[in-house]
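A short write-up of the structure that comes next.
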Amino acid sequence: MSDTAVTLTSKKDWASDQEVRWCPGCGDYGILQAVQQLMPDLGITPESTVFISGIGCSSRFPYYMNTYGMHSIHGRAPAIATGLAVARPDLDVWVITGDGDGLSIGGNHLIHALRRNVNLKILLFNNRIYGLTKGQYSPTSELGKVTKSTPFGSIDPPFNPLAVALGAEASFVARTHDLDRKHMMDVFRAAHEHRGASFVEIYQNCNVFNDGQFNDVTKRTVRDEMMIDLVHGEPILFGAERQRGVMMADDGFLRIVEVAEVGIERILVHDVAHPFPSLAFALARLNTDDHSPTPFGVFRAVDRPEYTSAVANQLARASETKGPGDLETLLRSNGTWLVD
Amino acid sequence: MTDTIERSGEPADSAVLDRLVVRFAGDSGDGMQLTGDRFTSVSASFGNDLSTLPDFPAEIRAPAGTVNGVSSFQVHISDHDITTPGDEPNVLVAMNPAALKADLERLEIGGTLIINEDAFDERGLEKAEYDTNPLEDGTVNPYRVIKVPMTSLTKDACEPLGVKPRDAERSKNFFALGLVSFMYTRPIQPTLDWIQQKFGKNEQVAGANTAAFKAGFAFGETTEQVGHRYEVKPAQLPPGEYTSITGNTALAWGLVAAGQLAKLPITLGSYPITPASDILHELSRHKHFGIRTVQAEDEIAAVGMALGAAFAGHLGVTATSGPGVALKSETVSLAMSIELPLLVIDIQRGGPSTGLPTKTEAADLNLALFGRHGEAPIPVVASYSPAQCFHAAIEAVRIALKYRTPVILLSDGYLANGSEPWRLPDVSTLPDISVPFQTEFNGTDDQGNPIYLPYLRDADTLARPWAIPGTPGLMHRVGGLEKADKTGNVNYTPENHQLMGDLRQAKIDRIADDYAPTEVIGDEDADMCILGWGSTWAAIHAAVQRQRRAGHKLAWIHLEHLNPLPNDLGDLLRRFDKVLVPELNKGQLCNLVRGKYLVDATSVSKVAGLPFRTREIEAAIEEARAS
Chain A
1 MSDTAVTLTS
11 KKDWASDQEV
21 RWCPGCGDYG
31 ILQAVQQLMP
41 DLGITPESTV
51 FISGIGCSSR
61 FPYYMNTYGM
71 HSIHGRAPAI
81 ATGLAVARPD
91 LDVWVITGDG
101 DGLSIGGNHL
111 IHALRRNVNL
121 KILLFNNRIY
131 GLTKGQYSPT
141 SELGKVTKST
151 PFGSIDPPFN
161 PLAVALGAEA
171 SFVARTHDLD
181 RKHMMDVFRA
191 AHEHRGASFV
201 EIYQNCNVFN
211 DGQFNDVTKR
221 TVRDEMMIDL
231 VHGEPILFGA
241 ERQRGVMMAD
251 DGFLRIVEVA
261 EVGIERILVH
271 DVAHPFPSLA
281 FALARLNTDD
291 HSPTPFGVFR
301 AVDRPEYTSA
311 VANQLARASE
321 TKGPGDLETL
331 LRSNGTWLVD
Chain B
1001 MTDTIERSGE
1011 PADSAVLDRL
1021 VVRFAGDSGD
1031 GMQLTGDRFT
1041 SVSASFGNDL
1051 STLPDFPAEI
1061 RAPAGTVNGV
1071 SSFQVHISDH
1081 DITTPGDEPN
1091 VLVAMNPAAL
1101 KADLERLEIG
1111 GTLIINEDAF
1121 DERGLEKAEY
1131 DTNPLEDGTV
1141 NPYRVIKVPM
1151 TSLTKDACEP
1161 LGVKPRDAER
1171 SKNFFALGLV
1181 SFMYTRPIQP
1191 TLDWIQQKFG
1201 KNEQVAGANT
1211 AAFKAGFAFG
1221 ETTEQVGHRY
1231 EVKPAQLPPG
1241 EYTSITGNTA
1251 LAWGLVAAGQ
1261 LAKLPITLGS
1271 YPITPASDIL
1281 HELSRHKHFG
1291 IRTVQAEDEI
1301 AAVGMALGAA
1311 FAGHLGVTAT
1321 SGPGVALKSE
1331 TVSLAMSIEL
1341 PLLVIDIQRG
1351 GPSTGLPTKT
1361 EAADLNLALF
1371 GRHGEAPIPV
1381 VASYSPAQCF
1391 HAAIEAVRIA
1401 LKYRTPVILL
1411 SDGYLANGSE
1421 PWRLPDVSTL
1431 PDISVPFQTE
1441 FNGTDDQGNP
1451 IYLPYLRDAD
1461 TLARPWAIPG
1471 TPGLMHRVGG
1481 LEKADKTGNV
1491 NYTPENHQLM
1501 GDLRQAKIDR
1511 IADDYAPTEV
1521 IGDEDADMCI
1531 LGWGSTWAAI
1541 HAAVQRQRRA
1551 GHKLAWIHLE
1561 HLNPLPNDLG
1571 DLLRRFDKVL
1581 VPELNKGQLC
1591 NLVRGKYLVD
1601 ATSVSKVAGL
1611 PFRTREIEAA
1621 IEEARAS
C-alpha cells in the first residue's frame, strides 16, 4: 500500500453513495462533514481506513464513509476495533461511539482500549441523551434531567467522559463540538497524528430529544466567554479580550480568574505532554455543568507504548529466536515414542 | 465388574495384567495431578495404551484435609486398545482420610488400597469427618490394604540431604509414585530424568523428590506387604510415532495447523475460564507461528476481537466455556449476519451458571445450536476424543472459512484434561483449507461501472466474498442491520428480509453436502442403534465392543457434525427399532432427532459432572434390549 498512500484524494472520495439518514438539523451532519473534509489532508487512502461503530444514532456513521466499515453491536466497537488493529496494524482504524454506547453498555471496552493504548481514533458523540430509542437519559445526562424514563428527574450522577478517559490512562484526550468544523478538523487531525488510543469527546446537539443542551457554551454569541481554548505551551486564557484565565491556586485547585487581578504570570501554561495526568484531569473537571466556562481542544497527548506495535514486536522477537513455526516440530515438542 | 483385571495365569514374581486402573487421591496440595501425569507419561512412553481422568475441585486450595479439597487423577493403562479411563480403579492411592472417604466407593471390591498411614491421625480423621478410624473399623476389609507411613518415610529419606521435615513432607507424592512404579513395573529412569529437568534449578527440591521416589520404589522392593509385582505389557498400537496428548493441547495444535493449512495468521481473543484457559496458554507460546493472542477484558470483548480480526482477514478464534458462550451470543449472531468466518470453542463444563467448573458435562448443545436471537443457524462441530480434538479444530475452521460463517466447536472438560496416546498425523496429508480473498470487482452498477457486491454469493456454497481492508476499490460496510441481497446496503423490505433469511439458512444446510456418508459402526442389521456425540465416544466404544463380543448385535453412529446434521442420518436411524442416545445432559440430541426425524429415540442421560462409565451404557443397552 506504499504506492497508494501518496495518491491524492478529495472529499467526495470519502463519501459513500448511501443517503444520510439522521434527523434534519442533527449535529451528526456537521461531524460527518468535518471528517470527510479532513480525510484527504491526512495522506491516507479510503481502502486502508476502517470505521467501526457500535449502536446508536452516531453509530450509523460508517455507512456514510466510502471506507471499510462495520456497524457492529451496542458498546462493542472498541473491542472489535482492537482485534482489527492487532491483526492489521497497517490500517487506520476509527471508532465511532456515543455517550450511551461508549460509556454505558460499552464502558468496559472503552476503558480497556484506552488502557492498552491501542492505535484507535475514538470519537465519542456526546449529546447527553439516548436518541435512537427516543429520549431516555444517558450516563452523561445531568442530575435531575426529566426524560421519558425519568419523569421525576434523573437521580444518576453523570460521567465526565474526559475524566473517565484520563482515569483509564488515555494517552490522548480532547474535546470539540459540532458547531465548529475547523475546530473539529484540528482536533481530529491531532488525534490522527497521535500514536496510540486517541479519545475525542464531541459535544453534539440532538435537536429532537435534547435540543440546545450545549447552547450556553458553544453558541456563537456566547462562545468567547464560555469556551476555553487549550493551546499547548500557551497560557490558558479566554474571553473576548482574553481577559480571563485559569490559575492553579495555592490550595492546588484550578480557578478561573481575571488576569488583571492576578497577573499573567499566575496563569497556567497548558502542557499536553505533562507526564502526570493530574492537570488534564483538573481541566476536565473545571466546568461542573453546561452553563460554565468549558475547556476545549487537546487536554493530554503523551507518548506511551502502543499496543498493536507491542503485539507485533513480540511476534517478531519470537520469530527471530525460534525461526518460523514448524508444525512437525510442534507436534513432537512433548516427546514421542515409536511403535513398530 | 467381572473383567476388570484379567490376570494371565497364576501370580508369579511378576504377573502380567492386560490392563490396570490406578487412582491417585490426595489433598489439593499433595500434587496428585503431577503424580498422575508422571505415571501416565511413563506408561505412554513404555507403549501402553491409556486414557486419563483428572478430577479436581474448583477451589485452588480448599481447606486442607477435607473431602471438598480432594484432588484425584485416574489413569487406565493397557496392552490393548482402550478408550475410557476405566469404570472402577483396581488400585486406589489415598494420601489422607479425606481421599479415602471421597474415593473408596469407586475402588473395585478386592482392589488394592494403598494408604498413607501417617495421615490417619486424630486430626486427619476429624477433618475428613470420620467418627472412627476406617482402617480399624472394618471399612477397608473388602480390599487388599497396604498401609505405608509415607510421610515419615519420606522425611527419613530426605533427612540426609538436610531438607527440613516440613519441606520434605511435600515430596511424599513422589514416594507414592515410586511405590506404585515398583508394584506395576514402570520404568524409573524417565521419572528421575524428569525430576531433574523440572526441579533441577532448585537442587534441594530435586534431591528431595528423587530421594522420596527412590525410597518409595525401595519400600516396594523390600517389604513383603506389597507382595507380587505386576506388569502391563505395551499395547499393539498401529505402527507410527506417538505422543501423549490432552484434548486442549490437541485442540490448540489443531488451530495452529488450521492456520497453516488456511495460510492465514490466527488472532485469538480469550478470557480466562476453566476448563478452556489452557488453549489461551498454549497458543500464547506459539507467536513464531504468527499467532496473536489477546487476553481480553471480558468474554464479549474476546469474541469481538476475534471478529474484528476476521474482518481484517485473519483466522479469528475465541475459546471459552458455557458461561462465556452465553456472553458471546450477540457477537456470534452479528458474525452470522455479516457472514464472516469465526471459530468459537466451547469447552463444556457442569452447569448451569458457575456450576461445576472443573467437572465435565455436555449440556451446551442446545446453547450452541439455538442460543442466539433471531433466525441464526450456525454450524456446530463436536470433538470426541482428546487426540481427535486436533482434527475437529481443522474441520471447524474449514467450515468457517469455506462458508464464511461462525462455527461453534464443542469439547468438554473430560476431553480437555484427559490424555491418550496420539499417533502423529502425516502433516502432508492434512487438507488445504485456504480460501481466496476477493480482490476484484464482481458486479456493475446501473451505468455499467464495475462495483463490488459484498453479498453476491458463490453459486455452490452460497458464501459471500471476503474482501479485506487494504484492498483498493472494494471498500464496503457491513453491519447488524438487515442487508440487501448482493449490495449489502441497509434494507428493511419484507421481501429482502425473507430472501436473506432463506439464503442464510440454505447456506448452512449446504454444509452437509461436504460430509462423507455417515459411518455405522458395528452391525448394520442390528435392532438397536446407539447415537452418540462428543466425549461419550469412549464409554460407548467400550460398551459396544463388550456387548458385541458377548454376541449381541449392535449398531453405533457417532456424530461429529451437530449442525447441520448429516443428510443421511434420518434414513439411517429409521432403520433401527431402537435408538439409544447417551448424553451428559438431559437428552438434548435425543430431543432433536425425535423432533427432526420422528424417530422414537430414548435418552440415556447423566449429569453428575463425570463421564459415563462403560457399564452404565451397557446397563442402558441391556435394559432397552429387554424392553
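Line by line, the protein sequences give chains A and B.
According to our numbering, the first sequence is numbered sequentially starting from 1.
According to our numbering, the second sequence is numbered sequentially starting from 1001.
A virtual CB, placed ideally from N, CA and C, is assigned to each residue, including glycine.
Practice prompt. Compile a chain-ordered list of the residues in the segment 1468-1480 of chain B whose CB is closer than 9 Å to at least one CB of chain A.
Written response: Here the close residues are Ile1468, Pro1469, Gly1470, Thr1471, Pro1472, Gly1473, Leu1474, Met1475, His1476, Arg1477, Val1478, Gly1479, Gly1480.
Fill in: CB contact check: serine 48/A to chain B, cutoff 8 Å
Answer yes: the Cβ-Cβ gap between serine 48/A and chain B drops below 8 Å somewhere.
Worksheet entry | Residues in the segment 106-124 of chain A having any Cβ partner in chain B nearer than 7 Å | In summary, the residues of the segment 106-124 of chain A whose CB is separated from some CB of chain B by less than 7 Å are Asn108, His109, His112, in the order they occur in the chain.
Discussion item. Rounded to the nearest angstrom, what separates alanine 240/A and aspartate 229/A at their Cα positions?
Written reply: Distance between the alpha carbons of alanine 240/A and aspartate 229/A: 12 Å.
Worksheet item: Can you tell which of Leu124/A, Phe238/A, Ala273/A, Gln136/A has the C-alpha that lies nearest to the C-alpha of alanine 77/A?
Response: Nearest option by C-alpha distance: Leu124/A.
Worksheet item: How would you call serine 1008/B, buried or exposed, if buried means at least 16 neighbouring beta carbons within 10 angstroms?
Response: For serine 1008/B, the pLDDT reaches just 34, beneath the cut-off of 50, and the residue's location in the model is therefore unreliable, leaving the point undetermined.
Item to complete: Any chance you could list the beta strand (DSSP E) runs of at least 3 consecutive residues sitting entirely within the segment 1559-1601 of chain B, in chain order?
Response: Counting only runs of 3 or more, we get 1561-1563, 1578-1583.
Discussion item. Give me the chain A residues within the contact set of arginine 1292/B, using Cβ-Cβ distance strictly less than 8 Å, ordered along the chain.
Written reply: Within chain A, the residues near arginine 1292/B are Val86, Ala87, Val311, Leu315.
Worksheet item: What's the C-alpha gap between phenylalanine 1612/B and isoleucine 1109/B?
Response: Phenylalanine 1612/B and isoleucine 1109/B: Cα-Cα distance of roughly 20 Å.
Worksheet item: By the criterion of Cβ-Cβ separation under 9 Å, what are the contact partners of threonine 1243/B in chain A?
Response: Those within 9 Å of threonine 1243/B in chain A are Leu331, Arg332, Ser333, Asn334, Gly335, Thr336, Trp337.
Worksheet entry | Proximity test, Cβ basis, 8 Å: glutamine 18/A and chain B | So yes, glutamine 18/A belongs to the interface.
Item to complete: Identify which residue in Lys322/A, Leu8/A, Ile122/A has its Cα closest to the Cα of glycine 75/A.
Response: Out of Lys322/A, Leu8/A, Ile122/A, the CA that lies nearest to the CA of glycine 75/A is found in Ile122/A.
Worksheet entry | Cβ neighbour criterion (16 or more within 10 Å) applied to glutamate 1524/B | That one is exposed.
Item to complete: Count the other CB atoms, across all protein chains shown, that sit within 10 Å of the CB of histidine 1373/B; report buried if there are 16 or more and exposed otherwise.
Response: Around the C-beta of histidine 1373/B, fewer than 16 other C-beta atoms lie within 10 Å, and the residue is accordingly described as exposed.
Discussion item. Using only the alpha-carbon positions, how far apart do glutamine 1074/B and valine 1022/B sit?
Written reply: Between the alpha carbons of glutamine 1074/B and valine 1022/B lies a gap of roughly 6 Å.
Worksheet entry | Test: threonine 4/A CB closer than 8 Å to a CB of chain B | Model confidence at threonine 4/A stands at a pLDDT of 47, short of 50, so the residue's coordinates are unreliable and nothing is read from them.
Discussion item. I want to verify the contact list: residues of chain A whose CB lies under 7 Å from the CB of proline 1239/B, in sequence order.
Written reply: The answer, in chain order, is Val339, Asp340.
Worksheet item: When the cut-off is 8 Å and only beta carbons count, does alanine 163/A lie next to chain B?
Response: Look at alanine 163/A: its C-beta is not under 8 Å from any C-beta on chain B.
Worksheet entry | Contact set between valine 1427/B and chain A, taken where Cβ atoms lie within less than 8 Å | Per Cβ cutoff of 8 Å: Leu327, Glu328, Leu331.
Discussion item. Contact criterion: CB-CB distance below 8 Å. Does histidine 1286/B meet it with respect to chain D?
Written reply: Absent from the structure: chain D. Protein chains present are A and B.
Discussion item. Any beta carbon of chain A sitting closer than 8 Å to that of phenylalanine 1311/B?
Written reply: Taking Cβ atoms only, chain A reaches closer than 8 Å to phenylalanine 1311/B, which makes this a yes.
Worksheet item: So, does the CB of methionine 1/A fall closer than 8 Å to a CB anywhere in chain B?
Response: Its pLDDT being 42, under 50, methionine 1/A is placed unreliably in this model, and the value from its coordinates should be taken loosely. Answer yes: the Cβ-Cβ gap between methionine 1/A and chain B drops below 8 Å somewhere.
Worksheet item: What does a CB cutoff of less than 7 Å around threonine 1154/B pick up in its chain, not counting 5 residues either side in sequence?
Response: The answer, listed in chain order, is Ala1168, Glu1169, Ser1171, Lys1172, Phe1175, Ala1212, Ala1215.
Worksheet entry | Interfacial residues, the segment 1537-1551 of chain B to chain A, with Cβ spacing under 9 Å | Answer in chain order: no residues at all.
Discussion item. Looking at chain B, is there any beta carbon in it that lies within less than 8 Å of the beta carbon of arginine 76/A?
Written reply: True, the Cβ-Cβ gap to chain B drops below 8 Å.
Fill in: Expected contact under 8 Å - CB spacing of glycine 98/A and glycine 56/A to nearest Å
Contact holds; Cβ gap of about 4 Å.
Worksheet item: What residues in its chain sit with their C-beta under 7 Å from that of proline 277/A, if we drop five residues either side in the sequence?
Response: So the qualifying residues of the chain are Leu166, Arg300.
Item to complete: Please classify alanine 240/A: does DSSP put it in a helix, a strand, or coil?
Response: Correct three-state label for alanine 240/A: coil.
Worksheet item: Looking only at C-alpha atoms, which of Ser1277/B, Phe1311/B, Pro1431/B, Glu1395/B sits nearest to glycine 1438/B?
Response: The question names glycine, but residue 1438/B is glutamine in the sequence shown. Ranking Ser1277/B, Phe1311/B, Pro1431/B, Glu1395/B by CA distance to the CA of glutamine 1438/B puts Phe1311/B first.
Practice prompt. Measure from the alpha carbon of alanine 1094/B to the alpha carbon of each residue in Gly1304/B, Ser1078/B, Thr1035/B, then state which is nearest.
Written response: Ranking Gly1304/B, Ser1078/B, Thr1035/B by Cα distance to alanine 1094/B puts Thr1035/B first.
Discussion item. Under DSSP, the alpha helix (DSSP H) around serine 1333/B begins and ends at which residues?
Written reply: 1322-1338 is the extent of the alpha helix (DSSP H) around serine 1333/B.
Worksheet item: Name the DSSP beta bridge partners of tryptophan 94/A, please?
Response: Looking at the DSSP output, tryptophan 94/A bridges to Phe51/A, Lys121/A.
Worksheet item: Can you tell which of Pro1238/B, His1228/B, Glu1241/B, Lys1164/B has the C-alpha that lies nearest to the C-alpha of valine 1205/B?
Response: Of the candidates Pro1238/B, His1228/B, Glu1241/B, Lys1164/B, Lys1164/B places its Cα closest to the Cα of valine 1205/B.
Worksheet item: When you compare only the Cα positions, how much space is there between alanine 282/A and methionine 184/A?
Response: If I take the Cα positions, the gap works out to 22 Å.
Worksheet item: With 16 as the cutoff for other CB atoms within 10 Å, does tyrosine 1492/B come out buried or exposed?
Response: Exposed: under 16 other Cβ atoms inside 10 Å.
Worksheet item: Excluding the five sequence neighbours on either side, which residues of its own chain have a C-beta within less than 7 Å of the C-beta of proline 1450/B, listed in chain order?
Response: These residues qualify, in order along the chain: Phe1441, Thr1444.
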